[in-house]
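Order-wise, the sequence lines are chains A and B. So the mapping is simple: this note's numbering equals the position in the first sequence, first residue as 1, plus 1049. So the mapping is simple: this note's numbering equals the position in the second sequence, first residue as 1, plus 179. Note that beta-carbon positions come from the ideal geometry of N, C-alpha and C, so glycine has one too.
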Amino acid sequence: MENVVIAGSGPAGLTAAIYTARADMTPLVLEGPIPGGQLIVSNEVENYPGFTEPISGIELLEQFRKQAERFGSRFKSESVEKVKRRDDIFEVSTGSQTITTRSLIIATGAQARRLPIPTERKFYGKGVSGCATCDGAFFRDKEILVVGGGNTAMQDAVFLTRFASKVTIVHRRDYLRAAVIEIERAKKEPKIEWMIPRIVEEILGNDSVTGTILRNPQTNQEHRIQCDGIFVAIGHDPQTKIFNGLVKTDENGFIQVEAGSTRTSMPGVFACGDVRDLVYKQAVVAAGHGCMAAIDVKHYLERKG
Amino acid sequence: MLNTNLRHLETEEEVKEVLENNENVMLCCGRMGPMCIPVYDIMEQLEDKYSHVTFRDQDFDIPAADFIKSLPECSSFMGLPFTVYFKNGKVMVATASIQTKEQITEILDKEFGKSS
């Protein structure tokens, strides 16, 4: 029987692992489908406190993980598929095994949103991508679009100028959510052009992407533009479907927690990171939530005796 | 270099040997990136269940990967990893970019038969 199982291995899950391990709870971390979560696609993280120079998402998470391992956290590269509660015990099924635990920390994070058009799936990997650092090199001297108005979109656009001959940022609103510093960097890049506000209505091509149809939502005018690739950075949705019925979520799937804590509607189950954060969505905030969850679990188990 | 528990194909000879001596082969060619790692993990999970399939991975940046990169079925690919399913050395299906467990098992079941 485990004291605590942590579902997810991003900043929230790994911080929870560090704190619960230091409290002698020997946590078991189920890493999930993408170990490290969404942060691993970040080419450069420059706002995580304690790092004076930019660090890649993967390197940052390696530091988290090593720190968690140092105190005795255990890791399994498996994902939670189902959770059942029997009395005060939780049965966590991963598909290959069932783990019993006295408490559960949900830190499964969020999943990148996809464009809601059928051709996006057809062309995924054939011109459409969700990872600039993975696939940018395929677009050397080509023209590409980056869809989105947040920090990731701005960073991706700047990063992709290393390869592409032209990068066009397309965003559905006439204002951007990204931080001013990120917007300014993108604005300084001579290879970057802007098409705002525009919505991607269709992706064109046969075997691979050759262009797109964009619509101006203010005038409803549509026009075609030529491009070889489309990088999608339009936000994330919480990965909480498997916990439906176990804990209360809001209409967008975010897990509801008691104010000022990580306690969910189910005693013994705690939520931290992007599964419960519809506002900030920052690694440092997720790490803070992970710390809170670990402390909440400790108090819960102490009360249970 | 790939840091996985799968067996790696590192030379052209190894690629040839695996395709000649195994009826059903799933080969995933990529890097240690966020789109590739989940596919390797799924292959590791499925390796025992699909004992009639040979699972291998390959570093995208070694010379032996030219074989996969030059397959006509991969000519339009612009997303890692490149995953190719071979039957008797012939390409049955090829996919680009990240795939879910459901997508992979669907292809394995259809092309090679369900797990025992």
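Of the residues the options, which one's Cα is nearest the Cα of residue i?
{"i": "residue 221/B", "options": "1145/A, 1226/A and 1248/A", "result": "1145/A"}
{"i": "residue 1092/A", "options": "1285/A, 1078/A, 1166/A and 1179/A", "result": "1179/A"}
{"i": "residue 1318/A", "options": "1232/A, 1102/A, 1141/A and 1266/A", "result": "1141/A"}
{"i": "residue 1090/A", "options": "1218/A, 1120/A and 1160/A", "result": "1160/A"}
{"i": "residue 1353/A", "options": "1276/A, 1109/A and 1136/A", "result": "1136/A"}
{"i": "residue 1387/A", "options": "1301/A, 1243/A, 1062/A and 1194/A", "result": "It is not possible to answer for residue 1387/A, since the shown part of chain A is limited to 1050 through 1354."}
{"i": "residue 1432/A", "options": "1120/A, 1088/A and 1264/A", "result": "In the structure as shown, chain A starts at 1050 and stops at 1354, and residue 1432/A therefore has no counterpart that could be examined."}
{"i": "residue 185/B", "options": "199/B, 203/B and 237/B", "result": "237/B"}
{"i": "residue 1288/A", "options": "1265/A, 1320/A, 1271/A and 1316/A", "result": "1320/A"}
{"i": "residue 1272/A", "options": "1291/A, 1251/A and 1278/A", "result": "1251/A"}
{"i": "residue 280/B", "options": "228/B, 249/B and 211/B", "result": "228/B"}
{"i": "residue 1058/A", "options": "1105/A, 1103/A, 1117/A and 1073/A", "result": "1117/A"}
{"i": "residue 1280/A", "options": "1256/A, 1260/A, 1234/A and 1326/A", "result": "1260/A"}
{"i": "residue 189/B", "options": "213/B, 233/B, 264/B and 243/B", "result": "243/B"}
{"i": "residue 1314/A", "options": "1110/A, 1153/A and 1247/A", "result": "1153/A"}
Given a threshold of 16 other Cβ atoms within 10 Å of its Cβ, counted over all protein chains shown, does residue i qualify as buried or as exposed?
{"i": "residue 292/B", "result": "exposed"}
{"i": "residue 1099/A", "result": "exposed"}
{"i": "residue 206/B", "result": "buried"}
{"i": "residue 1227/A", "result": "buried"}
{"i": "residue 1231/A", "result": "buried"}
{"i": "residue 1149/A", "result": "exposed"}
{"i": "residue 1175/A", "result": "buried"}
{"i": "residue 1267/A", "result": "exposed"}
{"i": "residue 1186/A", "result": "exposed"}
{"i": "residue 278/B", "result": "buried"}
{"i": "residue 1173/A", "result": "buried"}
{"i": "residue 1233/A", "result": "exposed"}
{"i": "residue 1087/A", "result": "buried"}
{"i": "residue 1167/A", "result": "exposed"}
{"i": "residue 1050/A", "result": "exposed"}
{"i": "residue 1328/A", "result": "exposed"}
{"i": "residue 1255/A", "result": "exposed"}
Quick one: grab the DSSP three-state call for residue i.
{"i": "residue 1208/A", "result": "helix"}
{"i": "residue 1187/A", "result": "helix"}
{"i": "residue 194/B", "result": "helix"}
{"i": "residue 1286/A", "result": "strand"}
{"i": "residue 205/B", "result": "strand"}
{"i": "residue 212/B", "result": "coil"}
{"i": "residue 1087/A", "result": "helix"}
{"i": "residue 1331/A", "result": "coil"}
{"i": "residue 1299/A", "result": "coil"}
{"i": "residue 1306/A", "result": "coil"}
{"i": "residue 239/B", "result": "coil"}
{"i": "residue 232/B", "result": "coil"}
{"i": "residue 1072/A", "result": "coil"}
Would you mind telling me which residues of chain E sit closer than 8 angstroms to residue i, beta carbon to beta carbon, in chain order?
{"i": "residue 240/B", "result": "Annotation note: the requested chain E is absent from the structure, which comprises protein chains A and B."}
(message) With three or more beta-carbon pairs closer than 8 angstroms as the criterion, would you say the segment 1303–1318 of chain A touches the segment 1203–1219 of chain A?
(response) no
(request) Indicate whether the contact test is met: 3 or more Cβ pairs, each with one atom in the segment 1067–1082 of chain A and one in the segment 1118–1136 of chain A, closer than 8 angstroms. (result) yes
(request) Identify every run of the alpha helix (DSSP H) within the segment 1101–1176 of chain A, keeping only runs that are complete inside it and at least 4 residues long; order them along the chain. (result) For the segment 1101–1176 of chain A, the continuous alpha helix (DSSP H) assignments of 4+ residues that do not extend past its boundaries occur at 1106–1119 and 1167–1171, in sequence order.
(request) Please list the segments of the beta strand (DSSP E) lying wholly inside the segment 242–273 of chain B, counting only runs of 3 or more residues, in order along the chain. (result) 261–266
(request) Indicate whether the contact test is met: 3 or more Cβ pairs, each with one atom in the segment 1321–1328 of chain A and one in the segment 1150–1158 of chain A, closer than 8 angstroms. (result) yes
(request) Mind the definition here: the segment 1060–1067 of chain A touches the segment 1327–1342 of chain A only if three or more C-beta pairs lie below 8 angstroms; say whether that holds. (result) yes
(request) Return the chain-ordered ranges of every beta strand (DSSP E) run that is complete within the segment 1214–1283 of chain A and spans a minimum of 3 residues. (result) Runs of the beta strand (DSSP E) spanning 3 or more residues and lying entirely within the segment 1214–1283 of chain A occur at 1215–1219, 1241–1244, 1248–1254, 1258–1264, 1271–1275 and 1278–1281, in chain order.
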